[in-house]
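Enquirer: Here it is, the structure, as structure tokens.
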Ligand code: HEC
Ligand code: HEC
Ligand code: HEC
Ligand code: HEC
Ligand code: HEC
Ligand code: HEC
Ligand code: HEC
Ligand code: HEC
Ligand code: HEC
Ligand code: HEC
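The structure is reproduced here in structure tokens:
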């Protein structure tokens, strides 16, 4: 009982605690004694005009900084009600915005635009997201979206909030990516021109599952990665590779059996009766990687995401795939037309 009374009294005391400015010569203006950084590049309008008391109550306040409102954010939104309404309407609001606007904005003045506490493109974000700072700078394949001159965290994220998870600035992750990948972007390291993804998706209506779901980030890490093309899991960089299931991001979603069972009548449809043709091509010392036959972004005309052409060195070789009800055949430059049939094995010429 005694404890409860003590707690009760303490709470009452804290609540009632009031702060006021210690007595001073009222003929002096606030600025004569307080330098709030008016010499800095960006000064907040009410500070510049000397309207200190629009935020501070010097006679009676519940906060040590003699603020007018209990919460700083409430004070900011008193004037910035339009911004507050936009943020309130966002389904996904950045947690520090809910807490306190001054975590990022200096209420008085600063050397960065909008009086941010650091450069808005990425330094500001990295003051709190220390784990990301470590990550983005240590990965082998860094993303130009973060490091290019006009890039930065806020090219993809809104610092306050949006309608989308993780406050991304587009309707879906796919739309976010193709805002920049709507031309052949150049890789800094080797000058390689990258696929114009927006055009590729427009020209090829048969989109791979994860792209239909609008989520490129199921395969790519937007913050960079140690794998080829910033993939979340490895994918072989070259046309040929010795087979190992750990080398393929594809097996995050597809069964490994398609490539580990030499004979099967169930694991894959790419078989000549029970002879697994996926196995024949892929599971060997000089195995052919999926890119030889499939395009994992989007395709047209051929089923099963089979590509029109395969890139071999600098050449583009047509696959000439033909599907039958029980199998198929193709005539790439690698060999003459060869077929497979699930019902009755086709005898191909050597
Ligand atoms: C004659 C000089 C003088 C004038 C004029 C003056 N102040 Fe102060 N103010 C001080 C001093 C001294 C302190 C106490 C600083 C301390 O305790 O470290 C102080 C404290 C404060 C604090 C609290 C700071 C803290 O660290 O808790 C605020 C806020 C403040 N003043 C705002 C104002 C505003 C707004 C005006 C104008 C309406 C103003 N002051 C006018 C001298 C002045
Ligand atoms: C837009 C609201 C706003 C205006 C206008 C404003 N302040 Fe402040 N002030 C704050 C907030 C919020 C804090 C709490 C410290 C923080 O979060 O950075 C603060 C803190 C202070 C402090 C104590 C801490 C420090 O940074 O030294 C002083 C002194 C102060 N203000 C003086 C002034 C004076 C003088 C003016 C007018 C020239 C002024 N303020 C105008 C919002 C304001
Ligand atoms: C007394 C009213 C008032 C309060 C309270 C106030 N502001 Fe402002 N703020 C202004 C005015 C006026 C401008 C100038 C608007 C303009 O130029 O469009 C401004 C500008 C800004 C800008 C730059 C916007 C732009 O488009 O250039 C930011 C950021 C900002 N305030 C943040 C804050 C934060 C954070 C707080 C709370 C600590 C706050 N404001 C509290 C009146 C206020
Ligand atoms: C996590 C950091 C962060 C927090 C917290 C934050 N802001 Fe901002 N704010 C920014 C950044 C970064 C920009 C610059 C955006 C840009 O350049 O596109 C900005 C810009 C602004 C602007 C001017 C441009 C615009 O988007 O309208 C206003 C006004 C503003 N903030 C108000 C607020 C208010 C009010 C709060 C609190 C409710 C707040 N901010 C909290 C980071 C923050
Ligand atoms: C004042 C500290 C602070 C700053 C500055 C800050 N953040 Fe955050 N951010 C947080 C906290 C706290 C969380 C919630 C915990 C977490 O997910 O780490 C968060 C979460 C996030 C999330 C995940 C949101 C979700 O819905 O899961 C993203 C994305 C994000 N921040 C991006 C940014 C970007 C971009 C910037 C720079 C404009 C930035 N942050 C600056 C503190 C900060
Ligand atoms: C190319 C666009 C892009 C850029 C640039 C970007 N992000 Fe992200 N970020 C995303 C996407 C998309 C997600 C959701 C990821 C997912 O679903 O795997 C995300 C998620 C996050 C998350 C929450 C989940 C996680 O990965 O921890 C944080 C925090 C975050 N980003 C912070 C940052 C910071 C800080 C920067 C700048 C250094 C930044 N982002 C730059 C697109 C981007
Ligand atoms: C703000 C513009 C921008 C956005 C948004 C963007 N990118 Fe990029 N991306 C670039 C630039 C510039 C490059 C080329 C420079 C580099 O990274 O080497 C690039 C390169 C890439 C690469 C090749 C990286 C390598 O090392 O080979 C991939 C893969 C990629 N982006 C995927 C994505 C995905 C997935 C998204 C959406 C989550 C996305 N990008 C969003 C600008 C962007
Ligand atoms: C199923 C996994 C997967 C998804 C989903 C995916 N990608 Fe890729 N992406 C890859 C793989 C694997 C590569 C490497 C291809 C290669 O080297 O032949 C790649 C390569 C790339 C490249 C580099 C192409 C080049 O010119 O070398 C870009 C840019 C890219 N992806 C962007 C995107 C964008 C944007 C999206 C969403 C619309 C997306 N990716 C969705 C797996 C995926
Ligand atoms: C030599 C060409 C070739 C290579 C290399 C290849 N595939 Fe296939 N794949 C096919 C053909 C042809 C089909 C269509 C089989 C049918 O339905 O008739 C197919 C079908 C598929 C299917 C649909 C289900 C099934 O097994 O019938 C998936 C999933 C698939 N491949 C994934 C992959 C992955 C992952 C890789 C790389 C590890 C890969 N493929 C390598 C030619 C190839
Ligand atoms: C995030 C999960 C995911 C990853 C990772 C993934 N896929 Fe798929 N894949 C799907 C889904 C879902 C479908 C079914 C929808 C469709 O036809 O695209 C599919 C379908 C396919 C098909 C066509 C199957 C058919 O019978 O028509 C092929 C071929 C294929 N994927 C190849 C690949 C290759 C190659 C990779 C690795 C680069 C890969 N996938 C990685 C989810 C994934």
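Residue numbers (the numbering used here): 3 to 352.
All residues carry an ideal CB built from backbone N, CA and C; glycine is no exception.
(1) Mapping the DSSP letters down to three states, classify residue 273 as helix, strand or coil.
(2) From what residue to what residue does the beta strand (DSSP E) around residue 330 run?
(3) For ligand 7, any of its heavy atoms closer than 7 angstroms to the Cβ of residue 33?
(4) Start and end of the alpha helix (DSSP H) containing residue 177?
(5) Is residue 25 near ligand 6, with its Cβ less than 7 angstroms from a heavy atom?
(6) Measuring from the CB of residue 272, is there a heavy atom of ligand 10 at a distance below 7 angstroms?
(7) Closest by CA to residue 52, which one among 33, 191, 205, 63?
(8) Taking the beta carbon of residue 338 as the centre, do at least 16 other beta carbons fall within 10 Å, making it buried, or is it exposed?
(9) Could you pull out every residue in the same chain whose Cβ sits closer than 7 angstroms to the Cβ of residue 164, ignoring the five residues on either side in sequence?
(10) Can you grab the Cα-Cα spacing for the pair residue 15 / residue 64, in whole Å?
(11) Just verifying my parser: in three-state terms, what is the DSSP assignment at residue 211?
(12) May I have the straight-line CA-CA distance separating residue 261 from residue 151, to the nearest angstrom?
(13) Just checking: is the beta-carbon of residue 348 within a distance shorter than 8 angstroms of some beta-carbon in chain B?
(14) Taking the alpha-carbon of residue 352 as reference, which of 285, 316, 336, 344 has the nearest alpha-carbon?
(15) So, with DSSP's three-state summary, where would you put residue 72?
(16) Which residues have their C-beta within less than 7 angstroms of a heavy atom of ligand 2, listed in chain order?
(17) Going by the DSSP bridge assignment, what does residue 342 pair with across the sheet?
(18) Under DSSP, the alpha helix (DSSP H) around residue 97 begins and ends at which residues?
(19) Please report the Cβ distance between residue 39 and residue 86, rounded to the nearest whole angstrom; I am assuming they are in contact, meaning their Cβ atoms lie under 8 angstroms.
(20) Buried or exposed for residue 227, going by 16 or more other Cβ atoms inside 10 Å?
(21) Could you tell me the distance, in whole angstroms, from the CA atom of residue 140 to the CA atom of residue 345?
(22) Got a sec: does ligand 10 put a non-hydrogen atom nearer than 7 angstroms to the Cβ of residue 148?
(23) Run the CB neighbour count on residue 265, radius 10 Å, all protein chains shown included, and call it buried at 16 or more, exposed below.
(24) Using beta-carbon positions only, say whether residue 301 and residue 334 come within less than 8 angstroms of one another.
(25) Alpha helix (DSSP H) containing residue 149: first to last residue?
(26) Do residue 289 and residue 258 have their C-beta atoms within less than 8 angstroms of each other?
(27) Can you give the beta carbon distance from residue 113 to residue 42, rounded, assuming they're within the 8 angstroms contact cut?
(28) By how many angstroms is the C-alpha of residue 179 removed from the C-alpha of residue 73?
(29) Do you know how far the Cα of residue 57 is from the Cα of residue 1?
(30) Determine the direct distance from the alpha carbon of residue 340 to that of residue 271, and round the result to whole angstroms.
(31) Taking only the alpha-carbon atoms, compute the straight-line gap between residue 217 and residue 251 and give it to the nearest angstrom.
(32) Quick check on this structure: which residue in 90, 286, 232 has the alpha carbon closest to the alpha carbon of residue 143?
(33) Could you round the C-beta distance between residue 230 and residue 138 to whole angstroms and report it? I think they count as a contact, below 8 angstroms.
(34) Leaving aside the five residues before and after residue 350 along the sequence, list all residues of the same chain whose C-beta is less than 6 angstroms from its C-beta, in chain order.
(35) Which residue from 293, 305, 343, 235 puts its Cα closest to that of residue 319?
(36) Can you tell me whether residue 233 is helix, strand or coil according to DSSP?
Expert: Let me spell this out:
(1) strand
(2) 329 to 332
(3) no
(4) 175 to 182
(5) no
(6) no
(7) 33
(8) exposed
(9) 92, 94, 170, 171
(10) Confidence at residue 15 is low in this model, with a pLDDT of 46, below 50, so the placement of that residue is unreliable and no value is reported for it.
(11) helix
(12) 44 angstroms
(13) Judged by its chain identifiers, the structure shown contains no chain B, having just a single protein chain.
(14) 336
(15) coil
(16) 32, 33, 36, 38, 46, 48, 49, 52, 53, 54, 56, 57, 58, 67, 69, 74, 77, 78, 104, 108, 109, 110
(17) 330
(18) 97 to 101
(19) Wrong, their Cβ atoms sit about 25 angstroms apart, outside the cutoff.
(20) buried
(21) 52 angstroms
(22) no
(23) exposed
(24) no
(25) 146 to 149
(26) no
(27) 5 angstroms
(28) 37 angstroms
(29) Only positions 3 to 352 of the chain appear in this structure, which leaves residue 1 out of reach.
(30) 16 angstroms
(31) 15 angstroms
(32) 232
(33) No, residue 230 and residue 138 are not in contact; Cβ-Cβ is about 18 angstroms, not under 8 angstroms.
(34) 340
(35) 293
(36) strand
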